[in-house]
Structures are given as structure tokens and as C-alpha cells.
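Just so you know, we're using our numbering here: the sequence shown kicks off at 0 and counts up by one. Cβ atoms here follow ideal geometry from the backbone N, Cα and C, with glycine treated the same way.
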Amino acid sequence: MSEPKVENSIHILSQLAQEQVHQSVSRCEPLSLAQSGSHRKYYRITLDDGKTLIGAYNDDVDENMAFFSYTRFFTKKHFNVPELIAVAPDNQHYIETDLGSTTLYDFLCANRPDGTPTEAVTRYYDMVARALPRLQLSGKEGIDFSVAYPRAAFDRQSMQWDLNYFKYYFLKLVNVPFNEQLLEDDFNTLIEYLLSADSEYFLYRDFQARNIMIHNDDVYFIDYQGGRKGALQYDVASLLYNARADLSPVFREHVLNAYLDALGELIEVDRQAFLSYFQGFVLIRILQSMGTYGYRGYFERKTHFLQSIPFAVRNLTNLLDNLTMPIVLPELTRVLRDIMASDFVKPYLPGSTLTVRVQSFSFKKAIPNDPSPNGGGFVFDCRALPNPGREPQYKTFTGKDACVIEYLRQYPAVHEFEKHVFAIAEQSIDNYLERHFDHLMLSFGCTGGQHRSVFFAEQTARHIQEKYPMVNVILKHIEQS
Numbered sequence: 000m001s002e003p004k005v006e007n008s009i010h011i012l013s014q015l016a017q018e019q020v021h022q023s024v025s026r027c028e029p030l031s032l033a034q035s036g037s038h039r040k041y042y043r044i045t046l047d048d049g050k051t052l053i054g055a056y057n058d059d060v061d062e063n064m065a066f067f068s069y070t071r072f073f074t075k076k077h078f079n080v081p082e083l084i085a086v087a088p089d090n091q092h093y094i095e096t097d098l099g100s101t102t103l104y105d106f107l108c109a110n111r112p113d114g115t116p117t118e119a120v121t122r123y124y125d126m127v128a129r130a131l132p133r134l135q136l137s138g139k140e141g142i143d144f145s146v147a148y149p150r151a152a153f154d155r156q157s158m159q160w161d162l163n164y165f166k167y168y169f170l171k172l173v174n175v176p177f178n179e180q181l182l183e184d185d186f187n188t189l190i191e192y193l194l195s196a197d198s199e200y201f202l203y204r205d206f207q208a209r210n211i212m213i214h215n216d217d218v219y220f221i222d223y224q225g226g227r228k229g230a231l232q233y234d235v236a237s238l239l240y241n242a243r244a245d246l247s248p249v250f251r252e253h254v255l256n257a258y259l260d261a262l263g264e265l266i267e268v269d270r271q272a273f274l275s276y277f278q279g280f281v282l283i284r285i286l287q288s289m290g291t292y293g294y295r296g297y298f299e300r301k302t303h304f305l306q307s308i309p310f311a312v313r314n315l316t317n318l319l320d321n322l323t324m325p326i327v328l329p330e331l332t333r334v335l336r337d338i339m340a341s342d343f344v345k346p347y348l349p350g351s352t353l354t355v356r357v358q359s360f361s362f363k364k365a366i367p368n369d370p371s372p373n374g375g376g377f378v379f380d381c382r383a384l385p386n387p388g389r390e391p392q393y394k395t396f397t398g399k400d401a402c403v404i405e406y407l408r409q410y411p412a413v414h415e416f417e418k419h420v421f422a423i424a425e426q427s428i429d430n431y432l433e434r435h436f437d438h439l440m441l442s443f444g445c446t447g448g449q450h451r452s453v454f455f456a457e458q459t460a461r462h463i464q465e466k467y468p469m470v471n472v473i474l475k476h477i478e479q480s
């Protein structure tokens with residue numbers, strides 16, 4: 000089934016919200032989720048009374064049904080998850096409560112100025128560590144795993160998929176040599192070992208800081224539709240060894256101990272056995288993640304995923320230097336050591352020198368010159384879009400003001416224009432990062448250089464900063480300076 004246009008999803012979600020809450024919808028706009036690998040589309044719905052909801056579109060009905068079932072179960076258990084408010088008849092569109100826009104990852108990045116997480120960050124991670132065991136133990140309390148998708152458990156098949164993902168979408172794509180039979184032997188050894196762990200719990204599958212929201216000074220959990228039956232260690236490994244979170248060994252140990260203390264209050268825990276299996280689940284989680292980075296980055300050419308590879312390699316180094324598992328993985332270990340010794344990740348290390356200059360201007364004056372030695376970039380003409388400058392109430396405002404933003408956001412043509420601008424910018428940025436170019440200019444012009452051009456310069460600069468944190472963005476409004 001083909002994906003509906005944004006306008007169609009906006010119509011379906013707005014109508015669904017009005018039917019459910021008996022209020023008119025004043026605005027429904029797409030959300031830009033930076034660096035997301037998800038194919039789901041999200042929208043923020045604003046009601047007449049100013050309250051907001053989150054609308055979602057996902058054409059994978061089986062995945063949605065898992066999410067609906069888990070959400071209803073977790074809500075009955077009073078876990079901190081979004082409330083499912085309404086589901087459209089197509090089971091592809093649904094509405095849930097709005098938990099805001101601050102993820103634990105966002106908060107972490109903004110609150111470690113010298114590389115060390117602040118006390119506030121530690122407090123939120125401790126809250127997560129205390130909440131996770133209850134969520135996991137629900138696997139023994141009646142949660143319906145028959146809806147799990149694509150597998151009911153993190154079983155042999157699931158593990159084999161993850162390891163093959165690493166082999167074919169990372170090792171093959173970066174040309175790391177390996178003996179296929181010996182590597183398969185090691186994969187089977189690792190799988191047999193992990194399958195011997197107690198696996199009767201709820202395994203969240205993608206339990207990482209971007210799927211944890213900070214709302215009302217508490218932590219809330221989202222995007223658990225991939226949940227299935229599995230071992231306790233996997234989710235803790237996902238949280239602590241997420242590549243871009245880049246947590247220190249000391250911080251990881253603190254959070255892991257907080258988790259084990261909380262788990263020990265609920266069930267009996269053999270810490271030595273837990274930690275032995277934990278290393279194995281850290282390993283398979285890192286390998287699965289590297290497969291994702293390879294597929295998204297090298298195959299789909301989404302360069303920002305490649306930015307995570309050096310951090311994953313660092314995690315591997317720390318893990319392999321401290322392995323105490325009672326199994327031997329000679330070919331896998333050799334391959335991983337080769338990866339750590341190679342220099343193919345250097346182009347994607349943090350600190351890229353690419354600068355993107357984003358600016359707004361008026362066509363009544365000259366198109367701005369590119370100050371870089373090489374020149375190049377794009378000039379976008381915003382004059383074909385609805386003009387708030389023709390409305391008397393907007394005369395004194397600019398494209399940075401909420402009333403102008405709201406005016407422009409109501410027009411589908413504005414969303415369509417923005418989508419194409421972002422696609423063009425991303426294509427160039429991805430290519431320039433790979434080729435080590437140092438400058439790109441994006442200029443937006445309108446009649447007066449006050450409303451539409453300022454709006455698009457602001458939105459584009461923000462989008463680039465979110466999606467490419469390693470890029471230096473310079474924003475300038477020529478007519479406003």
C-alpha cells in the first residue's frame with residue numbers, strides 16, 4: 000500500500016482528534032525527528048484550547064497492533080507510557096498523549112559541558128534504572144506476546160538475524176575480511192550461550208535514551224513496539240552502550256549498579272551470573288547497531304548514521320579489553336580487532352569542519368554573495384508561497400514570530416516546499432561530509448526578506464543542527480541585521 004500524502008494524514012488525524020475529544024483542531028503539523036531510523040511519521044495536534052496531542056502514521060499494521068496491545072497493558076499497570084487516545088479504522092493512524100519534545104538523549108547532550116553528566120542527568124538515569132525492572136518483569140505478569148512483531152521472543156532466529164545484519168551490512172560493506180565458516184561457528188557459540196540465560200521477561204528491544212522522554216520531571220517510555228520475550232540483560236546493554244550517548248565506564252557502572260539494586264528488590268539476583276551474560280548481550284547489541292549504521296549509512300547513504308561508528312568502535316574496545324565470558328570467539332574477536340585497528344572510520348569522527356551558511360534576504364536587493372573561496376550552494380525563492388506580509392496584522396512581525404509561523408504552517412504548500420528544501424540540503428551535506436568539503440551556502444529570498452525567507456532560514460538551520468550536530472551552522476538574516 001502506498002504511503003498517504005502528509006495532507007491526507009493531517010486530515011485523518013485531525014478528524015480523529017475532533018471525534019475523540021470533541022474539540023476543533025487549530026493546527027496539525029509534521030514533526031521532524033532528527034537522526035531517526037524509523038519509518039513512522041509523527042504530527043503534533045493543537046486543539047482549540049491550546050492543549051496538544053501526538054498523531055502518528057505507520058503503514059505496518061502488525062507493528063502497530065503490538066504497540067497498541069503493549070500500551071494498553073502498560074497503562075493498566077500505571078507505567079509511564081503515552082496514553083493511547085484513539086486509533087483510526089485503518090489501524091495505521093493513531094493518537095496518543097503529548098509527552099513534549101525532550102528526550103533523555105537531548106537532556107544528556109545539553110547537560111555534560113565538560114563531558115561528564117551533571118547531577119540532573121545522573122538523577123534521570125537513576126530513575127530509568129529503577130523503573131526498568133518493573134517494566135521487564137511484566138513479561139511474567141500476563142503481557143500478550145502473541146502480538147509481538149516480528150518475533151514473539153528474542154530467540155535463535157532473532158539473534159541470527161542480528162548477527163547476519165552485522166556481517167552483510169557492516170563487514171561486507173566496509174570490506175573487512177573474514178572466514179565465513181569460522182565466523183558462523185563463533186556466531187553459533189555466542190547464540191548458544193545467550194540462549195542459556197533466563198529469558199522470560201519483557202525485552203523492550205530498543206531501550207535507549209532517544210526512546211525515553213523527560214516530562215513533568217519524570218521519565219516516560221516510548222517506541223516499545225518491537226518488544227518481545229527475552230533476557231533482562233539486553234535492555235540494560237542497549238541503554239548503557241548506545242553509541243552516541245557515549246557514556247563513560249564509570250557512569251555505566253553506576254547506572255548498572257542502580258539497576259541491579261532495584262531489580263534485587265523485586266527478585267533474587269545472582270550478580271556474577273548476570274554480569275557474565277550481560278557482556279554477551281552488550282556484544283550482540285553493539286554488533287546489531289553496527290549493522291544498522293552500515294545499512295543506513297553506506298547502503299542508504301544517510302551519512303549521519305556513520306557518525307555513530309567511532310563511538311561503537313570505542314565501546315567494542317572497552318568491552319573486548321575486559322571480557323570474562325566463559326566462551327571463546329576467536330574469529331569474531333579477530334575481526335573486531337581488525338575493525339578497531341583500521342582507519343576507515345576516520346572520515347566520520349566528530350569535529351567535521353563543514354560549515355553551512357544559512358541566510359535570508361530580499362529579492363528587492365541583490366542575491367547575497369558566497370564568501371567562501373570555492374563558492375557553491377543554493378538560492379531558494381519563497382515568493383511562490385502564501386505571503387503573510389500582505390496581512391496587516393503581520394506587518395510588524397518576522398518569520399521568527401509564533402503568529403507568522405502558525406500562519407505559514409497552515410498551508411500544505413509550505414510543508415511540501417520545506418520537505419524538498421530539507422532533501423536537497425541533506426543530499427549535499429551527506430556528500431560534502433564524505434568528500435571533506437568545508438562550506439555550503441543556503442539562501443532563502445522573498446519579497447521583503449522579513450517573513451517567508453526568515454521562516455525557512457530558521458527552520459532549515461534548526462533542522463541541520465539537529466540532524467548533523469557535527470556541522471557548524473551560521474545563520475544570518477540580512478534584512479534584519
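Alpha-carbon spacing of residue i relative to residue j, whole angstroms
i, j, result
"histidine 414", "phenylalanine 280", "42 Å"
"isoleucine 338", "glutamine 207", "24 Å"
"glutamine 34", "leucine 170", "Low local confidence applies: a pLDDT of 48 at glutamine 34 is under 50, so the model's placement there is unreliable, and no value is given."
"aspartate 197", "proline 149", "21 Å"
"leucine 474", "glutamine 278", "45 Å"
"glutamine 392", "tyrosine 406", "11 Å"
"proline 385", "glycine 375", "28 Å"
"phenylalanine 362", "phenylalanine 454", "15 Å"
"phenylalanine 310", "valine 24", "43 Å"
"arginine 204", "phenylalanine 144", "13 Å"
"alanine 109", "phenylalanine 443", "29 Å"
"valine 60", "glutamate 478", "49 Å"
"threonine 188", "leucine 328", "7 Å"
"threonine 115", "alanine 242", "16 Å"
"tyrosine 69", "isoleucine 84", "14 Å"
Residues near residue i in its chain [Cβ-Cβ closer than 7 Å; skip 5 each side]
i, result
"glutamate 28", "Tyr42, Arg43, Arg408"
"glutamine 22", "Leu46, Asp47, Asp48"
"leucine 399", "Leucine is not the amino acid found at residue 399; the sequence shown has lysine there. Closer than 7 Å at Cβ, skipping near neighbours: Val453, Glu457."
"valine 470", "Ser351, Leu353, Val355, Ile428, Ile463"
"asparagine 174", "none"
Endpoints, the beta strand (DSSP E) within which residue i is located
i, result
"tyrosine 42", "40 to 46"
"proline 29", "24 to 29"
"tyrosine 485", "Any question about residue 485 goes unanswered here, given that the chain covers just 0 to 480."
"alanine 85", "83 to 86"
"asparagine 430", "No beta strand (DSSP E) holds asparagine 430; the alpha helix (DSSP H) holding it covers 411 to 434."
Residue interval of the alpha helix (DSSP H) (run including residue i)
i, result
"valine 357", "That residue, valine 357, is in no alpha helix (DSSP H); its beta strand (DSSP E) goes 354 to 361."
"threonine 316", "308 to 319"
"asparagine 63", "60 to 75"
"isoleucine 366", "Note, isoleucine 366: premise wrong, no alpha helix (DSSP H); not H, not E."
"alanine 401", "401 to 408"
"glycine 279", "270 to 293"
"aspartate 184", "179 to 194"
Candidates the options: closest to residue i by CA position
i, options, result
"arginine 155", "Ala130, Tyr168, Leu182, Glu191", "Glu191"
"lysine 166", "Ala230, Val249, Ile285", "Ile285"
"arginine 71", "Pro88, Pro325, Glu95, Ile53", "Glu95"
"tyrosine 124", "Ile283, Val254, Leu305", "Val254"
"aspartate 437", "Ile428, Gly444, Phe443", "Ile428"
"alanine 244", "Gln464, Glu118, Phe106", "Phe106"
"leucine 131", "Leu239, Phe144, Ala460", "Leu239"
"isoleucine 366", "Leu103, Gly448, Leu202, Leu52", "Gly448"
"phenylalanine 201", "Arg209, Thr102, Ser359, Tyr223", "Tyr223"
"isoleucine 53", "Ser68, Val80, Lys76", "Val80"
"glutamine 19", "Ala230, Thr121, Ala87, Gln306", "Ala87"
"leucine 315", "Pro325, Arg300, Gln287", "Gln287"
Sequence-distant residues of the same chain with beta carbon closer than 8 Å to residue i, five excluded per side
i, result
"glutamine 159", "Phe186, Ile190"
"cysteine 402", "Gln392, Tyr393, Phe396"
"methionine 126", "Asp217, Val218"
"aspartate 184", "Glu330"
8 Å Cβ cutoff, residue i in contact with chain C
i, result
"glutamate 95", "Within the model displayed, chain C is absent; a lone protein chain is all it includes."
Other residues of its chain near residue i: CB distance less than 6 Å, five sequence neighbours each side excluded
i, result
"aspartate 260", "none"
"valine 235", "Tyr258"
"phenylalanine 304", "Tyr292, Arg295, Gly296"
"arginine 129", "Ala261"
"cysteine 445", "Cys381, Arg382, Arg451, Ser452"
"proline 346", "At proline 346 the pLDDT is 49, less than 50, meaning the model places this residue with poor confidence; the figure from the coordinates comes in the next sentence. Around proline 346: no qualifying Cβ."
"serine 1", "Summary for serine 1: the model assigns pLDDT 47, below 50, so the residue's position carries little reliability; its value from the coordinates is reported in the next sentence. Hits under 6 Å: none found."
"histidine 92", "Ile11, Leu12, Tyr56"
"glutamine 232", "Tyr276, Phe277, Phe280"
Check: residue i C-beta below 7 Å from any heavy atom of the ligand GDP
i, result
"glycine 388", "The model on display carries no ligand, and the ligand GDP is accordingly not part of it."
Legend entry - Within the segment 208 to 257, ranges of the alpha helix (DSSP H) (whole runs, at least 4 residues): Segments of the alpha helix (DSSP H) lying fully in the segment 208 to 257: 232 to 239.
Legend entry - Ranges of the alpha helix (DSSP H) found wholly within the segment 321 to 345, counting only runs of at least 4: The segment 321 to 345 contains these whole alpha helix (DSSP H) runs: 329 to 340.
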